[in-house]
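Worksheet: the structure to be examined is printed underneath.
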Amino acid sequence: MRLEPGPIVSVARVAHLPAPGWACAECGEDYPCQAAREMLAAEPDRRAVAVYLAALFIDAVRELPDRPVTDLYARFFRVVRRDRLTAVRHDPWVPAGGRPR
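Throughout the sequence shown, residue numbering follows the numbering used here, covering 521 to 621 in sequence.
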């Protein structure tokens, strides 16, 4: 399987990745560190970035039970701004002008 460029592939190409304890493997800051946030914010596929960060957030909540969930939420999702996500303009289960599938 060939991977296409995107947020997860791009993240894998840099050293700023989460390490055990949820620090950045490169700089030691809490992950996502400033460098990782800048890289993720520059990704054109905002939905993919949101899904990637959601998966990391779930893992971090499980692995850092002493950290408040609200702190972890802010830490992971400050990268994704709601106004930058493209909204679906129609129900994906209903073809334009048609009946539900």
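Yeah, the Cβ is synthetic: ideal placement off N, Cα and C, and Gly gets one too.
- In the three-state DSSP reduction, Asp550 falls in the strand class (E or B).
- Taking the C-beta atoms as reference points, Ala580 is found nearer than 9 Å to Arg595.
- Here DSSP, grouped into helix, strand and coil, assigns Ala543 to strand.
- Excluding five sequence positions before and after Leu537, the CB atoms of its chain that fall closer than 6 Å to its own CB belong to Ala545, given in chain order.
- Nearest Cα to Ala570 within the set Arg598, Gly541 and Ala539: Arg598.
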